[in-house]
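A short write-up of the structure that comes next.
In the working numbering, the protein residues as written are 85 to 598.
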């Protein structure tokens, strides 16, 4: 199986190399000689699809390769600015229009997972309304009349994904061993991160938990919704949630016909994603068009929460500082953040790094999105990070990938979206709330409260110390040991215990205020 998967990977590389539209615009001019040579080897005799049929043919080819490759195609479908509008539209077929598995299989799986036949759980259970690489979705009605969506994993999907990702891991180890310059990108860590997210994606109980958590986080958010989970009809391979009516984010014609403000949708999507990442540290990690519905009032409904991302407080601060630095054109601040986080070695020049970041940021400011070469920007970024020995950060890989996807979806609504202007209110608000004077004052008040509690507990602590000393004296006395006193009325141990306790309390107070 692994050999077959390896040849599939070779086939995918051959397919990508053969299509000029999938390569950076300046590949021929700036790609290293060894990569150009490798392309010639891989594309020898390869078929190039013509302009009209390449999207359909590419979709079919990716579908035949397996679920991991389908996900790559789904990501390309969100980037019309890179692959072109027609190709992106053709690749949207991979998001929710793949062949479904039969109803007989569905019925058997529901009995195995929920231990009840379909007829006992549902009054109505329709054929699949959507089928993607990992699972398919059915519309159903519970006995109490509630309309629900039932998501069911594809049979055998776990084994297929394990085989494909094992091959990716083998190739990643091979790349690190044979190409020293690629070690900076940490391909093995990248595949391991992907593998960890896939393990969660194929346990639908984890998706149910993610739906529940994100719904709690966003209950008060304007025009953003997450379906409620039906826990009694949820198991490892099945998740059931309230049905959501809405137009697919990919159906641009229907959205425009319904009177939606496409520019507003574009801005709100960017802001919603950044709010989740910065405020909650918990974000949808696969927010392509197939996983977003738009209600008549413009509310976004996020579905398919199989891949979720988390950011710890330090990573959130890093993200906010980076975005804020680019928004305000403070490239030294961006550089400082990289150095503070340890992403760039101290041996490198911060001023030179800030200058290199300026060379990336300035050319794209004030331009329309359709005039920006994303391929060129990514190439420049690669060259800069390589020059400054910056390693890939695994904890930010999913965030980076999702930001690219969300930006692609937002720009499908409004091709002239200025992502920096859209991001500014969320990022600036977070910076003010978490790193500004109010946040500093709040931290100081919290510190005083913690210190007061510690000091307030000090008499109790001293009393416990004294009781413990008396118990120790009794135990030693019972064993035949006697503690001598210089003065029968003054226990030598007590003042030293008091001094030690005060020193400990002082140290704890110092650490709290530090």
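Heads up, the beta-carbon is just placed ideally off N, CA and C, and yes, glycines get one too.
First through last residue of the beta strand (DSSP E) which encompasses residue i
{"i": "residue 235", "result": "231-237"}
{"i": "residue 378", "result": "376-378"}
{"i": "residue 251", "result": "Counting along the chain, residue 251 falls outside any beta strand (DSSP E), though it belongs to the alpha helix (DSSP H) covering 241-262."}
{"i": "residue 220", "result": "219-226"}
{"i": "residue 324", "result": "322-326"}
{"i": "residue 215", "result": "206-215"}
{"i": "residue 386", "result": "384-386"}
{"i": "residue 367", "result": "366-368"}
{"i": "residue 400", "result": "Not the beta strand (DSSP E): residue 400 falls in the alpha helix (DSSP H), residues 397-411."}
{"i": "residue 392", "result": "392-394"}
Residue from the options with nearest C-alpha to residue i
{"i": "residue 508", "options": "487, 486, 407 and 447", "result": "407"}
{"i": "residue 273", "options": "284, 286, 253 and 283", "result": "253"}
{"i": "residue 429", "options": "474, 205 and 318", "result": "474"}
{"i": "residue 487", "options": "205, 499, 503 and 287", "result": "503"}
{"i": "residue 214", "options": "205, 196 and 238", "result": "238"}
{"i": "residue 368", "options": "435, 306, 298 and 338", "result": "298"}
{"i": "residue 217", "options": "144, 440, 262 and 226", "result": "144"}
{"i": "residue 411", "options": "340, 424 and 513", "result": "513"}
{"i": "residue 235", "options": "308, 300 and 317", "result": "317"}
{"i": "residue 322", "options": "153, 121 and 189", "result": "189"}
{"i": "residue 152", "options": "122, 244 and 141", "result": "244"}
{"i": "residue 302", "options": "148, 360 and 280", "result": "360"}
{"i": "residue 246", "options": "326, 260, 150 and 339", "result": "150"}
{"i": "residue 397", "options": "409, 363 and 376", "result": "363"}
{"i": "residue 480", "options": "443, 421, 490 and 394", "result": "394"}
{"i": "residue 492", "options": "191, 370, 422 and 210", "result": "370"}
Residue i classed as buried or exposed, judged by whether at least 16 other C-beta atoms fall within 10 angstroms
{"i": "residue 471", "result": "exposed"}
{"i": "residue 125", "result": "exposed"}
{"i": "residue 200", "result": "exposed"}
{"i": "residue 278", "result": "buried"}
{"i": "residue 285", "result": "buried"}
{"i": "residue 343", "result": "exposed"}
{"i": "residue 208", "result": "exposed"}
{"i": "residue 338", "result": "exposed"}
{"i": "residue 248", "result": "buried"}
{"i": "residue 258", "result": "exposed"}
Residue i versus residue j: straight-line alpha-carbon distance, rounded
{"i": "residue 202", "j": "residue 223", "result": "13 Å"}
{"i": "residue 391", "j": "residue 355", "result": "20 Å"}
{"i": "residue 93", "j": "residue 288", "result": "27 Å"}
{"i": "residue 212", "j": "residue 427", "result": "46 Å"}
{"i": "residue 291", "j": "residue 432", "result": "42 Å"}
{"i": "residue 313", "j": "residue 194", "result": "17 Å"}
{"i": "residue 95", "j": "residue 175", "result": "18 Å"}
{"i": "residue 283", "j": "residue 240", "result": "14 Å"}
{"i": "residue 187", "j": "residue 309", "result": "30 Å"}
{"i": "residue 572", "j": "residue 425", "result": "Confidence is the limiting factor: at residue 572 the pLDDT is only 46, short of 50, which leaves the residue's position unreliable, though a coordinate-based value still follows. Computed Cα separation, rounded: 59 Å."}
{"i": "residue 98", "j": "residue 127", "result": "6 Å"}
{"i": "residue 336", "j": "residue 385", "result": "16 Å"}
{"i": "residue 122", "j": "residue 271", "result": "19 Å"}
{"i": "residue 437", "j": "residue 357", "result": "28 Å"}
{"i": "residue 485", "j": "residue 441", "result": "20 Å"}
{"i": "residue 380", "j": "residue 324", "result": "23 Å"}
{"i": "residue 147", "j": "residue 516", "result": "46 Å"}
{"i": "residue 305", "j": "residue 263", "result": "47 Å"}
{"i": "residue 141", "j": "residue 184", "result": "19 Å"}
{"i": "residue 494", "j": "residue 204", "result": "42 Å"}
{"i": "residue 256", "j": "residue 409", "result": "33 Å"}
{"i": "residue 231", "j": "residue 206", "result": "10 Å"}
{"i": "residue 445", "j": "residue 365", "result": "26 Å"}
{"i": "residue 221", "j": "residue 332", "result": "14 Å"}
{"i": "residue 500", "j": "residue 375", "result": "23 Å"}
CB contact check: residue i to chain D, cutoff 9 Å
{"i": "residue 435", "result": "Looking for chain D here will not work: only one protein chain is present."}
Distance between beta carbons of residue j and residue i, contact taken as under 8 Å
{"i": "residue 346", "j": "residue 196", "result": "Actually they do not touch by this definition, with Cβ atoms about 44 Å apart."}
{"i": "residue 373", "j": "residue 328", "result": "Actually they are not in contact, since the Cβ atoms of residue 373 and residue 328 sit about 15 Å apart, beyond 8 Å."}
{"i": "residue 483", "j": "residue 403", "result": "7 Å"}
{"i": "residue 349", "j": "residue 378", "result": "7 Å"}
{"i": "residue 405", "j": "residue 417", "result": "7 Å"}
Residue i: first and last residue of the uninterrupted alpha helix (DSSP H) it sits in
{"i": "residue 290", "result": "288-302"}
{"i": "residue 187", "result": "187-198"}
{"i": "residue 416", "result": "415-424"}
{"i": "residue 270", "result": "No alpha helix (DSSP H) contains residue 270, which DSSP labels as neither H nor E."}
{"i": "residue 347", "result": "346-359"}
{"i": "residue 340", "result": "336-341"}
Residue i: CB within 8 Å of a non-hydrogen atom of the ligand GTP
{"i": "residue 154", "result": "The ligand GTP is absent from the structure shown, which contains no ligands of any kind."}
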